[in-house]
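**Student:**
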Amino acid sequence: MTSERVKPYPVRLDHELSQWVKERAKAGDRSMNAELVRIVRQAKEAEEQKHAA
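The C-terminal position of the sequence shown is numbered 53 in full-length UniProt numbering, with every residue numbered one higher than the one before it.
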């Protein structure tokens, strides 16, 4: 991760989404925050690849 300060951003998830993220995080031995960052980064990369094609 870069040395720049990361700004906190609270996210409200309904119970179903929260449980899904929690299960993915546990399976990947990550925190829920790390899992959410991973999901958002993957979505960003997929969108960038789609627009590059």
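All C-beta atoms in this analysis are idealised placements derived from N, C-alpha and C, irrespective of residue type, glycine included. Because the structure is a prediction, the values reported are computed rather than measured.
CA-CA distance, Glu47 and Arg38?
**Tutor:** Roughly 14 Å between the two C-alpha positions.
**Student:** Going by CA-CA distance only, name the one from Asp14, Gln19, Asn33, His15 that's closest to Lys7.
**Tutor:** Lys7 has its Cα closest to that of Asn33, out of Asp14, Gln19, Asn33, His15.
**Student:** Run through DSSP, which three-state label would Leu36 get?
**Tutor:** If DSSP states are grouped into helix, strand and coil, Leu36 belongs with the helices.
**Student:** Roughly how many angstroms lie between the CA atoms of Ala25 and Lys44, to the nearest whole one?
**Tutor:** In a straight line, the C-alpha of Ala25 is about 19 Å away from that of Lys44.
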